[in-house]
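In full-length UniProt numbering, the protein residues as written are 1 to 659.
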Amino acid sequence: MSIEQSITRSPILDGLSALNRWRQDLVSGLHEMAALTADLGLLPSGTMLQLETLAYDTEQDSLRIAFVGEFSRGKTELINALFFSDMGQRLLPSSSGQTTMCPVEIRGAPQGRPGLQLLPIASRSLDVSIEKLKKAGSAWRKFPLSLADKKERSESLAHLTETVCVAVEDARRIGLCPPLNRTPKNRERTVCPSCGLGKVLIPRWRHAILYMAHPVLDAGLTVLDTPGLNAIGAEPELTFSMLADAEAIVFLLGADTGVTQSDLMIWDQYLMRNAHQKQIVLLNKIDTLWDELREEDDIQQEISQQVANTATRLRISPDQVIPVSGQKGLVARIRQDAELLERSGMAALERSIAEVLLPARHETIKEKCRTLIERAVLDQKNMLQDQRHRLLAQMDSVRSLKDRTAEKIPKLVEQHQILLKNFEQDRLAFEEKKAQFRQAVEELLLIPLAPNTFDLVISNAKAEMLSAWTTAGIVERFRQFFSEAIAHFDRALAGAQQVSAIVAEEYQALQKRYRLPPLRAVPYAMMPRRAELMDMSESYERFGMMLEIAVNTQSSVVRKAFLTVAGRTRDFVVETRREAENWVDEIMAVMNQQLQLFHQNAEEELNALQSIATTMGNIDTRVQQLEQGLAEIQEQSDRLDRQSAPLLILLRAPFRPVR
Numbered sequence: 001m002s003i004e005q006s007i008t009r010s011p012i013l014d015g016l017s018a019l020n021r022w023r024q025d026l027v028s029g030l031h032e033m034a035a036l037t038a039d040l041g042l043l044p045s046g047t048m049l050q051l052e053t054l055a056y057d058t059e060q061d062s063l064r065i066a067f068v069g070e071f072s073r074g075k076t077e078l079i080n081a082l083f084f085s086d087m088g089q090r091l092l093p094s095s096s097g098q099t100t101m102c103p104v105e106i107r108g109a110p111q112g113r114p115g116l117q118l119l120p121i122a123s124r125s126l127d128v129s130i131e132k133l134k135k136a137g138s139a140w141r142k143f144p145l146s147l148a149d150k151k152e153r154s155e156s157l158a159h160l161t162e163t164v165c166v167a168v169e170d171a172r173r174i175g176l177c178p179p180l181n182r183t184p185k186n187r188e189r190t191v192c193p194s195c196g197l198g199k200v201l202i203p204r205w206r207h208a209i210l211y212m213a214h215p216v217l218d219a220g221l222t223v224l225d226t227p228g229l230n231a232i233g234a235e236p237e238l239t240f241s242m243l244a245d246a247e248a249i250v251f252l253l254g255a256d257t258g259v260t261q262s263d264l265m266i267w268d269q270y271l272m273r274n275a276h277q278k279q280i281v282l283l284n285k286i287d288t289l290w291d292e293l294r295e296e297d298d299i300q301q302e303i304s305q306q307v308a309n310t311a312t313r314l315r316i317s318p319d320q321v322i323p324v325s326g327q328k329g330l331v332a333r334i335r336q337d338a339e340l341l342e343r344s345g346m347a348a349l350e351r352s353i354a355e356v357l358l359p360a361r362h363e364t365i366k367e368k369c370r371t372l373i374e375r376a377v378l379d380q381k382n383m384l385q386d387q388r389h390r391l392l393a394q395m396d397s398v399r400s401l402k403d404r405t406a407e408k409i410p411k412l413v414e415q416h417q418i419l420l421k422n423f424e425q426d427r428l429a430f431e432e433k434k435a436q437f438r439q440a441v442e443e444l445l446l447i448p449l450a451p452n453t454f455d456l457v458i459s460n461a462k463a464e465m466l467s468a469w470t471t472a473g474i475v476e477r478f479r480q481f482f483s484e485a486i487a488h489f490d491r492a493l494a495g496a497q498q499v500s501a502i503v504a505e506e507y508q509a510l511q512k513r514y515r516l517p518p519l520r521a522v523p524y525a526m527m528p529r530r531a532e533l534m535d536m537s538e539s540y541e542r543f544g545m546m547l548e549i550a551v552n553t554q555s556s557v558v559r560k561a562f563l564t565v566a567g568r569t570r571d572f573v574v575e576t577r578r579e580a581e582n583w584v585d586e587i588m589a590v591m592n593q594q595l596q597l598f599h600q601n602a603e604e605e606l607n608a609l610q611s612i613a614t615t616m617g618n619i620d621t622r623v624q625q626l627e628q629g630l631a632e633i634q635e636q637s638d639r640l641d642r643q644s645a646p647l648l649i650l651l652r653a654p655f656r657p658v659r
């Protein structure tokens, strides 16, 4: 893209639009595949529900980018420049004296209706996560947002900068001041210039959600603007949930300050724990280095040196560090100044986001969908192939009857009747053993993953965590908590293996006796889930080692940090248990389907033999029925190929944003 094109076209919007169109095509394909799966009736109904659920999750998917950095690093101004310069002025307040005081999520507006929701700071006293509070509308203050009227819009968004004076004791109670035993003697009584003796200035709001209709948001972008270090350390959920769930982190530093000690603390404690997360480091405010009395080459050399120094201190590649001026980039976008846009580094940043983050998100969605879709297509093809082979075998058998004498037909009828009788007895015995199988599932697999068991582990750990006032104590309790969680997983893993062995043994006896198709149910993969839990354990344990800021505040912050970790771990266990239950239901449904299909085919063949016994002329009729059955199977196979081909192409094609 040329400089002239870059000023009129946003590569981020182009890429997001392309990603959104591809995602919508994928969602349509998933709905069609779910409908076809239900229509063919070859797989258990649970597969159709999984496809529909995957379609819903894919449709709701968004690219989440979090902007992190200390106060006054220009995060909000950069967000204005990157995404909302088309509004002709600053969307979010970022001028001198106007700094967002709480985390702000910027999302697309439901039904196109903009609005602002603010969570009061007093909610910090509740042991309830922000994610759960999002479902409680009464907990939030809601304000209308007029995007057309600049004055009304500015007045509404000014709420994001609001602060309030409170007594030190009140601030301490909600974890925004150090406890007395951690407070320096000369700071026990605080004087705030605007509040007075014994009071401090704190944010009025704990969290904000800004809903607005905008092309980049409608195309699937969610932006998280975070305050500085103090807010990150005092709000564990911001670290453990919001930042951890973001697909990309944009870390802002000041070109005039370089990497400060507080910047390094944010990077080491909060941003380096997720190896799978894309991270972009911005050296913002490079315009402070511009000097008309210096040569341009000298200025660029100084900027390059700052980039190299930053990369060295953060232990990353210099390619990960992009020098920008968010303020000049916003001016360039609004004034349509292509030269200033390029010099501000904004064009390079936009290209980096479009060329790195969007293809990575595209690949993540593909990987999430590929396994289920390819498995559903392959399983249905295999089942149609099995049915075709059975019909061909029956056709050969029926045709061979023409060469046999009529005396042999009654004997064949008797053999099939005995076969059906024996099969019914074996199936009834198998049904009785299902109760034992279900009991084994409950005892060996589900009980180790029971939520109430983890609630007890969390409760015990929470009580012990409150008595740990040293970093080593907290780290040990984090480690012990995950050790107990992993022990439950190991018992469930051993149980899953025993359950698999029980299922295989029972089904293989029937399979060998009646030549049933092999059981194609995919074994439940407990090991990858255990590996995920181990990754969580290592990540949170590493965070616990650096939790000095939590220990140096008060127990409420430590408690919130642990409860956030414990809650996410419990949700992870509940999800694993739910997947295990779905796996068991799927195995049972597949086995029932195979047994039912054998019974149906055996009865059809018996009826055919009985008809043949009545009149040998029915042999030709039976051949026609089998040929019709083969034609129907071929038609179903062709439908499956036609409808799955575009979906599989979507999953294999590389990401191609509009150029």
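Heads up, the beta-carbon is just placed ideally off N, CA and C, and yes, glycines get one too.
What you are looking at is a predicted structure, and each value in this text was computed from that prediction instead of being measured.
Under the criterion of beta carbons closer than 8 Å, residue 26 and residue 630 do not qualify as touching, at roughly 33 Å. Here residue 253 is bridged, per DSSP, to 283. If you look at residue 105, you'll find it isn't in any alpha helix (DSSP H); it sits in the beta strand (DSSP E) that goes 104-108. Under the DSSP definition of a beta bridge, residue 211 partners with 107 and 115. Here residue 285 is near residue 254, since their CB atoms are less than 7 Å apart. According to the DSSP secondary-structure assignment, residue 167 is paired through a beta bridge with 199. Taking C-beta atoms as the reference points, residue 12 and residue 334 fail to come closer than 7 Å. In the displayed model, residue 100 falls within coil according to three-state DSSP, outside both helix and strand. For the options 46, 62, 35 and 426, the alpha carbon positioned closest to that of residue 21 is the one of 62. The Cβ atoms of residue 482 and residue 539 do not sit closer than 7 Å to each other. By a beta-carbon distance limit of 8 Å, residue 225 does not contact residue 133. Their separation comes to about 19 Å.
Remark: C-beta atoms of residue 380 and residue 597 do not approach each other more closely than 7 Å.
In this structure, residue 262 sits away from residue 77, with a CB-CB distance that is not shorter than 7 Å. Rounded to the nearest whole angstrom, the CA to CA distance from residue 122 to residue 212 is 26 Å.
Counting C-beta pairs closer than 8 Å gives fewer than three between the segment 299-307 and the segment 51-60, which falls short of the contact rule. When DSSP states are grouped into helix, strand and coil, residue 450 belongs to the coil group. The secondary-structure analysis by DSSP pairs residue 67 across a beta bridge with 225 and 250.
Note that the C-beta distance between residue 332 and residue 317 is not below 7 Å. For residue 322, the enclosing beta strand (DSSP E) starts and ends at 321-323. Assignment of beta-bridge partners to residue 173 by DSSP yields no partner.
Residue 414 and residue 420 have their alpha carbons spaced roughly 10 Å apart. The closest CA to that of residue 516, considering only 423, 418, 288 and 168, is found on 423. Collapsing the DSSP output to three states places residue 258 in a strand. For residue 290, the secondary structure class from DSSP, reduced to helix, strand or coil, is coil. Judged by DSSP in its simplified three-state form, residue 655 adopts coil rather than helix or strand. In this structure, residue 314 and residue 281 form a Cβ contact; the two beta carbons are roughly 6 Å apart against a cut-off of 8 Å. Within the same chain, 451, 454, 455 and 458 come within 8 Å of residue 570 by CB-CB distance, once the 5 residues on both sides are set aside. Scanning its chain for C-beta atoms nearer than 8 Å, with the 5 sequence neighbours on each side dropped, one finds around residue 112 the residues 213, in chain order. Taking all protein chains in view, the Cβ of residue 560 is crowded by 16 or more other Cβ atoms within 10 Å, so the residue is classified as buried. Taking each of 364, 64 and 644 in turn and checking the Cα distance to residue 29, the smallest one comes out for 644. For residue 144, the enclosing beta strand (DSSP E) begins and ends at 141-144. With respect to the C-alpha of residue 159, the residue from 100, 176 and 215 having the closest C-alpha is 100. Using a Cβ distance threshold of 7 Å, residue 73 and residue 252 count as a contacting pair.
Contact between residue 33 and residue 648 is ruled out by a C-beta separation of about 10 Å, above the 8 Å threshold. Exclusion of the five residues before and after residue 145 leaves 114, 115, 116, 153, 156 and 212 as the residues of its chain whose Cβ lies within less than 7 Å of its Cβ. Between residue 293 and residue 341, the alpha-carbon positions lie close to 21 Å from each other.
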